[in-house]
Amino acid sequence: MNKFVTNSIDMVSDQYHHLVNKFLTTNDNGEKKILLRRLANLVTVMEFLYTSQHLSAKADNFI
Numbered sequence: 825m826n827k828f829v830t831n832s833i834d835m836v837s838d839q840y841h842h843l844v845n846k847f848l849t850t851n852d853n854g855e856k857k858i859l860l861r862r863l864a865n866l867v868t869v870m871e872f873l874y875t876s877q878h879l880s881a882k883a884d885n886f887i
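Have a look at this one:
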């Protein structure tokens, strides 16, 4: 599972950086509002993936 989670983290991180760049280059306030919501959602996804990876590593130690 760790490899899958790591790949997911990389994928979400790439998407996050793409959205940050898009946010910084757009002048449309409506689009910026949507991008901020998407960025906040991605931060939540990254927290979940990091937690899953951390818990998975701890579970492997007990098995």
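Residues 825 to 887 (this note's numbering) are what the sequence shown spells out, left to right.
Cβ atoms here follow ideal geometry from the backbone N, Cα and C, with glycine treated the same way.
(message) For Q839 and V869, what's the separation of their Cα atoms in angstroms?
(response) 11 angstroms
(request) Have a look at L848 and N831 and give me their C-alpha separation to the nearest angstrom. (result) Distance between the alpha carbons of L848 and N831 is about 26 angstroms.
(request) Under 8 angstroms Cβ to Cβ from S837, same chain only, skipping five residues before and after it: list those, please. (result) M870
(request) Taking only the alpha-carbon atoms, compute the straight-line gap between G854 and D834 and give it to the nearest angstrom. (result) 28 angstroms
(message) Taking only three categories from DSSP, how would you classify T868?
(response) helix
(message) For L866 and L873, what's the separation of their Cα atoms in angstroms?
(response) 10 angstroms
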